[in-house]
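Beneath this line is the structure, given in structure tokens, with notes to follow.
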Amino acid sequence: MRILIIGPSWVGDMVMAQTLFQSLKQRHPECLIDVLAPEWSRPILERMPQVRAALSFPLGHGALELATRRRIGKSLKGQYDQAILLPNSLKSALVPFFAGIPKRTGWRGEFRYGLLNDVRTLDKQRYPLMIERFMALAFEPDALLPQPYPRPELRIDPASRDAALAKFGLSLDRPVLALCPGAEFGEAKRWPSEHYAEVAEIKIREGWQVWLFGSKKDFPVGEAIRERLIPGLREEAYNLSGETALAEAIDLMSCADAVVSNDSGLMHVAAALNRPLVAVYGSTSPGFTPPLAEKVEVVRLGLDCSPCFDRTCRFGHYNCLRLLEPKRVADALQQVEGPATVELTVKAE
Numbered sequence: 036m037r038i039l040i041i042g043p044s045w046v047g048d049m050v051m052a053q054t055l056f057q058s059l060k061q062r063h064p065e066c067l068i069d070v071l072a073p074e075w076s077r078p079i080l081e082r083m084p085q086v087r088a089a090l091s092f093p094l095g096h097g098a099l100e101l102a103t104r105r106r107i108g109k110s111l112k113g114q115y116d117q118a119i120l121l122p123n124s125l126k127s128a129l130v131p132f133f134a135g136i137p138k139r140t141g142w143r144g145e146f147r148y149g150l151l152n153d154v155r156t157l158d159k160q161r162y163p164l165m166i167e168r169f170m171a172l173a174f175e176p177d178a179l180l181p182q183p184y185p186r187p188e189l190r191i192d193p194a195s196r197d198a199a200l201a202k203f204g205l206s207l208d209r210p211v212l213a214l215c216p217g218a219e220f221g222e223a224k225r226w227p228s229e230h231y232a233e234v235a236e237i238k239i240r241e242g243w244q245v246w247l248f249g250s251k252k253d254f255p256v257g258e259a260i261r262e263r264l265i266p267g268l269r270e271e272a273y274n275l276s277g278e279t280a281l282a283e284a285i286d287l288m289s290c291a292d293a294v295v296s297n298d299s300g301l302m303h304v305a306a307a308l309n310r311p312l313v314a315v316y317g318s319t320s321p322g323f324t325p326p327l328a329e330k331v332e333v334v335r336l337g338l339d340c341s342p343c344f345d346r347t348c349r350f351g352h353y354n355c356l357r358l359l360e361p362k363r364v365a366d367a368l369q370q371v372e373g374p375a376t377v378e379l380t381v382k383a384e
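Convert by adding 35 to the 1-based position in the sequence shown; the result is the number in this note's numbering.
Structure below.
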């Protein structure tokens, strides 16, 4: 059985999509899974043993370019028995349709009738978690999802990891705290840099080093965190934001002894690497996209106005993050650094 997955467009979603791949392999051990997705996702997919091939999709998020989609579809003709679409857009259904894939599975959305022939109707109450919505597409409609749910697990090559350490001149002579202070979604997901700096100072004084991860947009935030550290401590903080390729960031994060992250793609990467993790939530909710790992502490205030899922605070105060004190995160770090006592199993309410 040959299956083409039309992958999502966000880092965290792509990590969580592995639960679908795991479910497919559970049902059909001999199936071959290829994923058509943006080129940036290749380092993630290459670290998933369930995926045979990552197929690069050349169009940007939101671009229609019908002729290009037709050309890609025609090039895949006769190669697959089923396509499973994770995006709900009409555009995402075009390539499998042009490829003539016999079974084309996805959730109902954006007038995709005719493009899909295995159309599912989503019951959000039944499947409140994103991973449930992904996994359900591996089974027949209305089938019970087997418990416990699989967790994303990214595979790391030691040689690749050692090469990344050497490239950036990093050593593991001290425990590593990874900080992920960015969030592509917007300011309402970003815990203040001064709070991150306080946590960094606490851990450095305990003998740790701090590695800051993120995109080029997050480099100034990383520098703001470092600049709040006094000389003597600042030298133990390394701003890798925008300096690493995604593959290098994944390999380096696998070295972390603990991670503090906003609700972001890197949070899901850390979870898939099974790193002890403190996840800071503000405008969003762990009830939809929780980090899936053995040692996780979710820290949030749960104000009346949250979760709002807004990119910017409609009141302008960002209290859901600003009032979340560094001590709470530092205390949560102490909890995840200890041995795991309870295995996380995500269940539908």
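Using N, Cα and C, we set each Cβ at its ideal position, and we do this for glycine too.
Asked	Found
For residue 118 and residue 37, the rounded distance between their alpha carbons	9 Å
Through-space distance from residue 77 to residue 211, alpha-carbon basis	26 Å
Sub-7 Å separation of residue 371 and residue 311 beta-carbons	yes
Identity of the residue in 41, 340, 295, 302 nearest residue 131 by Cα	41
Strand pairing of residue 57, partner residues [DSSP]	DSSP lists no partner for residue 57.
Where residue 86 falls: helix, strand or coil (DSSP)	coil
Distance between beta carbons of residue 314 and residue 288, contact taken as under 8 Å	Actually they are not in contact, since the Cβ atoms of residue 288 and residue 314 sit about 14 Å apart, beyond 8 Å.
Span of the alpha helix (DSSP H), counted from its first residue to its last, around residue 257	254-262
Beta-ladder partner(s) of residue 45, from DSSP	For residue 45, which the question treats as bridged, DSSP gives no partner whatsoever.
Residue environment, residue 332, which counts as buried when at least 16 other CB atoms sit within 10 Å	buried
Pair within 7 Å by beta-carbon distance, residue 232 and residue 294	no
Secondary structure of residue 117, DSSP reduced to three states	strand
Cβ-based neighbour list, residue 99, same chain, cut-off 8 Å, excluding 5 preceding and 5 following	126
Buried versus exposed call for residue 369 [16 or more other C-beta atoms within 10 Å across all chains shown]	exposed
Which of helix, strand or coil DSSP assigns to residue 224	helix
For residue 123: DSSP bridge partner residues	According to DSSP, which records beta bridges pairwise, residue 123 is partnered with nothing at all.
Beta-carbon spacing of residue 90, residue 69 below 7 Å	yes
Collapsed DSSP secondary structure at residue 75 in the structure displayed	helix
Residue 106 burial status per 10 Å Cβ neighbour count (16 or more: buried)	exposed
Collapsed DSSP secondary structure at residue 38 in the structure displayed	strand
Touch test, the region 265-281 against the region 223-230, Cβ-Cβ under 8 Å, three pairs minimum	no
Beta-carbon proximity check, residue 46 vs residue 300, cutoff 7 Å	yes
Rounded distance between the beta-carbons of residue 157 and residue 142, thought under 8 Å	5 Å
One or two residues paired with residue 141 in a DSSP bridge	154
Under 7 Å between C-beta atoms of residue 274 and residue 224	no
Limits of the unbroken beta strand (DSSP E) element including residue 332	331-334
Every unbroken beta strand (DSSP E) within the region 291-375, with a cutoff of 3 residues, ordered by chain	293-297, 312-315, 331-334
Span of the alpha helix (DSSP H) around residue 173	Unbroken run through residue 173: none, as it is neither H nor E.
Cβ neighbours of residue 356 in the same chain (closer than 6 Å, five flanking residues each side left out)	226, 317
For residue 235 and residue 354, the rounded distance between their alpha carbons	21 Å
Nearest neighbour of residue 74, chosen from 322, 84, 88 [CA to CA]	88
Member of 264, 285, 344, 259 whose CA lies at the smallest distance from the CA of residue 83	285
Start-to-end residues for the alpha helix (DSSP H) that takes in residue 213	Residue 213 -> not in any alpha helix (DSSP H); beta strand (DSSP E) instead, spanning 211-215.
CB contact flag (residue 133, residue 108, <7 Å)	yes
Length of the line joining the Cα atoms of residue 186 and residue 364	24 Å
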